[in-house]
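Trainee:
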Amino acid sequence: MHLFHRIQPKRMISLAAGIPRSLFHIRVQTRAFNAHHDTFSLQLASRNYMRTRRFLLMFYDIGSVLVIFGMFTAVILLIWTMVSLLSSTFLRLTAADASTSLLKRAVEVATRATTYSRVTHAVNPIIPGLTVPLKHLPLILLSLCISQIVHESGHAITAAIHRIPMLAAGASITFMFPAAFVTLPSARVEELSSLDRLRVITSGCYHNLTLWLILLATAWSGIGRRVLLVGYEDVFVRGLIVAHVEPDSPLSMHLPVGSFLTTLDDLPLNSSRDAWSTYLLEPTPATYKQGWCVDTSRLSDDHQCCVDTASSPSCFVSFENAMEEYCTDPVAILSKIQNRCDSSTSCLKSQSCIKPRGDQDILRITVNHRGAGTEDEHIVLWSGPRYEVWEQVQTTYLAPRFGIIPLKLPLVFADFFQYLKLTNLSLYLLNSLPLPALDGSQLLIILLEMVFTRWSHNPPTILDIEALRTRGSRPHERRVQRVLGTFVMIGTCTLLGSCVMLSIIEWMIV
2 MHLFHRIQPK RMISLAAGIP RSLFHIRVQT RAFNAHHDTF SLQLASRNYM
52 RTRRFLLMFY DIGSVLVIFG MFTAVILLIW TMVSLLSSTF LRLTAADAST
102 SLLKRAVEVA TRATTYSRVT HAVNPIIPGL TVPLKHLPLI LLSLCISQIV
152 HESGHAITAA IHRIPMLAAG ASITFMFPAA FVTLPSARVE ELSSLDRLRV
202 ITSGCYHNLT LWLILLATAW SGIGRRVLLV GYEDVFVRGL IVAHVEPDSP
252 LSMHLPVGSF LTTLDDLPLN SSRDAWSTYL LEPTPATYKQ GWCVDTSRLS
302 DDHQCCVDTA SSPSCFVSFE NAMEEYCTDP VAILSKIQNR CDSSTSCLKS
352 QSCIKPRGDQ DILRITVNHR GAGTEDEHIV LWSGPRYEVW EQVQTTYLAP
402 RFGIIPLKLP LVFADFFQYL KLTNLSLYLL NSLPLPALDG SQLLIILLEM
452 VFTRWSHNPP TILDIEALRT RGSRPHERRV QRVLGTFVMI GTCTLLGSCV
502 MLSIIEWMIV
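In the numbering used here, the protein residues as written are 2 to 511.
(1) Suppose the cutoff is 7 Å on Cβ atoms and the five residues either side in sequence are ignored; what does the same chain contact list for GLY171 look like?
(2) In or out: ILE77 buried (at least 16 other Cβ within 10 Å) or exposed?
(3) Do three or more CB pairs link the stretch 445-456 to the stretch 229-242 at distances below 8 Å?
(4) Give the range of the beta strand (DSSP E) segment to which ASN369 is assigned.
(5) So does the stretch 266-276 actually touch the stretch 313-333, counting three or more Cβ pairs closer than 8 Å?
(6) Would you kindly work out how many angstroms separate the C-alpha atoms of VAL68 and THR159, rounded to a whole number?
(7) What residue range is occupied by the uninterrupted beta strand (DSSP E) comprising THR487?
(8) Measure from the alpha carbon of PRO357 to the alpha carbon of each residue in VAL332, ALA75 and PHE34, then state which is nearest.
(9) If I'm right that PRO129 touches HIS137 with Cβ under 8 Å, what's the distance once you round it to whole angstroms?
(10) Should MET72 be labelled buried (16 or more other beta-carbon atoms within 10 Å of its own) or exposed?
(11) Extract the residue ranges of the alpha helix (DSSP H) inside the stretch 394-460, only unbroken runs of 4 or more that lie entirely within it.
(12) Measure the alpha-carbon distance for GLY155 versus PHE176 and round it to whole angstroms.
(13) Give the straight-line distance between the Cα atoms of TYR117 and TRP508, rounded to the nearest whole angstrom.
(14) Which same chain residues, not among the five before or five after SER504, have their C-beta less than 8 Å away from its C-beta?
(15) Sorted by chain position, which residues of the same chain lie with C-beta nearer than 8 Å to LEU140's C-beta, five sequence neighbours on each side aside?
(16) With respect to the beta strand (DSSP E) encompassing GLY171, which residues constitute its N-terminal and C-terminal limits?
(17) Relative to the C-alpha of PHE34, which residue among VAL151, LEU143, THR82 and PRO166 is closest?
(18) Is it buried or exposed for PRO179, if we count other Cβ within 10 angstroms and need 16 for buried?
(19) For THR159, name the three-state secondary structure that DSSP assigns.
(20) According to DSSP, which residues form a beta bridge with CYS294?
(21) Leaving out the 5 sequence neighbours to the left and right, which residues in its chain are closer than 7 Å to HIS208 when beta-carbon positions are compared?
(22) Taking 8 Å as the cut-off, does the stretch 191-199 touch the stretch 241-256 (at least 3 CB pairs, one atom from each stretch)?
(23) On the DSSP bridge assignment, give the partners of PRO129 in chain order.
(24) Three-state secondary structure (DSSP) at VAL231?
(25) Taking buried to mean at least 16 other C-beta atoms within 10 Å of its own C-beta, is VAL318 buried or exposed?
(26) Considering only DSSP beta bridges, list what ILE380 is partnered with.
(27) According to the Cβ coordinates, are TRP391 and LEU212 closer than 9 Å?
(28) Going by DSSP in three states, PRO314 sits in which element: helix, strand or coil?
(29) According to DSSP, simplified to helix, strand and coil, what is SER260?
(30) Are the CB atoms of VAL295 and GLN395 within a distance shorter than 9 Å?
(31) Is the beta carbon of CYS342 less than 9 Å from the beta carbon of TRP383?
(32) Figure out for me which residue from LEU256, GLY225, THR90 and LEU410 has the closest Cα to the Cα of ILE510.
(33) May I ask which residues mark the beginning and end of the beta strand (DSSP E) holding HIS26?
(34) Does DSSP put ARG119 in a helix, a strand or coil?
(35) Rounding to the nearest angstrom, what Cα-Cα distance links ALA46 and ARG54 in this structure?
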């Protein structure tokens with residue numbers, strides 16, 4: 002969902018979400034903010050606020066440059082995505098033995114797409130229920146609503162700087178997707194010079210970029226974590242707390258909410274705050290610092306399980322020599338906390354020190370229900386890809402200081418924070434694209450106008466008899482200017498359509 006803004010002469014239009022009025026479309030607008038907008042505009046025009054106005058003009062001039070850069074960046078990303086989709090689709094269609102898996106997008110870990118998916122693209126859509134969990138839909142809609150309000154505030158502020166009145170402001174909902182808008186008189190906007198119109202057009206995208214940078218700085222500074230520590234205690238040194246387990250997951254019966262997870266295989270979860278995500282998502286061999294002492298009578302010399310990984314016994318190797326392979330039941334061995342060894346000399350003469358082979362899909366999870374001491378620890382074994390555990394289990398290192406505080410609140414806050422960053426960055430890039438009905442189309446027109454007509458900052462004025470005021474004269478649009486603008490817009494539409502079509506094809510063949 003996005004906003005777009007159209008400016009047409011001789012009629013009032015909305016610098017707003019131009020969604021077609023059709024079924025399931027609700028639109029509400031108000032003039033309650035008009036007086037405040039006019040007051041702010043008069044204040045900026047007064048001598049007392051002259052420095053403020055100069056600062057704002059310089060601020061939005063910088064924004065114009067950044068949005069122009071964003072337009073070229075968005076086009077490059079679109080081309081990159083199309084080439085990536087073409088190559089991946091071609092490989093999927095031609096490679097008969099290629100293994101494919103559905104790309105599931107993660108918000109919390111930015112590198113996940115490169116770890117357990119074989120295909121990555123410059124642009125990946127946020128689709129609730131497909132690329133992100135369906136339960137995140139309210140967070141997505143809330144972040145989208147906030148991002149659009151921030152976007153429209155940019156147009157309102159730049160309009161006030163240039164003494165353009167605001168006729169109305171409002172919001173609309175189409176198929177549950179929210180949109181915001183402000184309505185400005187198009188004739189007054191058309192009177193502005195190219196540079197002034199450039200500020201008005203690019204201010205919305207610039208506001209989204211500014212908020213995205215603020216959110217990045219906030220995440221880097223750790224302010225959000227310090228705020229959460231008022232009501233939560235950091236228990237990272239004791240392990241991770243199970244905050245949520247999917248109800249249909251087999252792990253729901255073995256990992257109760259509130260229990261502590263201390264290790265994955267032999268990796269302590271308090272070794273790094275990213276240990277949980279890194280170990281489960283990256284395709285690295287299992288970490289075993291020690292092996293298990295097992296009676297040699299329980300080890301089979303039949304290496305069929307090491308050839309056929311789908312067989313019931315699992316493949317084990319000697320802790321000292323990985324070339325010595327054995328087949329045995331993993332549950333009876335890996336579920337034990339005792340009988341660990343560093344070599345066969347640490348075991349009895351009738352025993353060998355073994356460990357699972359690195360490519361076995363077996364995960365050993367150490368659980369402590371009380372979070373203190375080792376007497377309450379027990380082992381949960383997971384058979385299957387490790388990333389599925391990451392998908393089905395949510396963990397946190399923050400424990401509530403008071404019983405009335407929800408355990409999942411930090412996770413919800415983190416998800417919302419990530420979606421707010423994504424929506425603002427998306428609106429900045431998407432609205433910068435030179436597509437019809439988007440800010441980028443007006444930006445392209447102004448840029449071509451400045452290049453071909455060398456439009457000055459103070460345009461000549463003519464008397465508008467109908468409006469009884471003077472207004473700037475518009476230069477005649479050259480044919481090459483019109484043809485070039487149409488070519489760029491059609492080319493961008495073709496790129497976007499190709500990406501959508503190739504994405505559908507890739508999704509169908511997965």
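Ideal Cβ positions, reconstructed from N, Cα and C, are used throughout, including at glycine.
Mentor: Taking the coordinates as given:
(1) Taken in chain order, the residues that qualify are ARG28, VAL29, GLN30, THR31 and PHE182.
(2) Here ILE77 is exposed. Its C-beta has fewer than 16 other C-beta atoms within 10 Å.
(3) Result no; under three Cβ-Cβ pairs closer than 8 Å.
(4) ASN369: member of the beta strand (DSSP E) spanning 363-369, first to last residue.
(5) Taking 8 Å as the limit for Cβ pairs, the verdict is that the stretch 313-333 does not touch the stretch 266-276.
(6) Cα to Cα, VAL68 sits roughly 15 Å from THR159.
(7) Bounds of any beta strand (DSSP E) do not take in THR487; it lies within the alpha helix (DSSP H) bounded by 480-510.
(8) With distances taken between Cα atoms, PRO357 lies closest to VAL332.
(9) Here PRO129 really is in contact with HIS137; their C-beta atoms are around 6 Å apart, less than 8 Å.
(10) Label assigned to MET72: buried.
(11) Within the stretch 394-460, the complete alpha helix (DSSP H) runs of at least 4 residues fall at 410-433 and 440-454.
(12) Cα to Cα, GLY155 sits roughly 26 Å from PHE176.
(13) Unreliable positioning characterises TYR117 in this predicted model, as indicated by a pLDDT of 39, which lies under 50. A coordinate reading is not provided.
(14) Hits under 8 Å: LEU86 and PRO126.
(15) Excluding sequence positions up to five before and after LEU140, its CB lies within less than 8 Å of the CB of VAL413, ASP416, PHE417 and TYR420, all in the same chain and listed in chain order.
(16) For GLY171, the enclosing beta strand (DSSP E) has its first and last residue at 169-175.
(17) Ranking VAL151, LEU143, THR82 and PRO166 by Cα distance to PHE34 puts PRO166 first.
(18) So PRO179 ends up on the buried side.
(19) Three-state DSSP puts THR159 in a helix.
(20) DSSP links CYS294 through a beta bridge to CYS354.
(21) The residues are VAL151, HIS152, SER154 and GLY155.
(22) Touching, no.
(23) Partner(s): VAL133.
(24) Correct three-state label for VAL231: coil.
(25) Flag for VAL318 reads buried.
(26) ILE380 is bridged to THR367.
(27) No, these two residues do not count as a Cβ contact at 9 Å.
(28) PRO314 falls in the coil class under three-state DSSP.
(29) Coil at SER260, not helix or strand.
(30) Taking 9 Å as the Cβ cut-off, GLN395 and VAL295 do not qualify as a contacting pair.
(31) Result no, Cβ atoms of CYS342 and TRP383 do not sit closer than 9 Å.
(32) Checked all of LEU256, GLY225, THR90 and LEU410; the closest Cα to ILE510 is THR90.
(33) Residues 26-31.
(34) Reliability of the predicted coordinates at ARG119 is poor, the pLDDT of 40 falling under 50, and no value is obtained from them.
(35) Put simply, the backbone Cα of ALA46 is about 8 Å away from that of ARG54.
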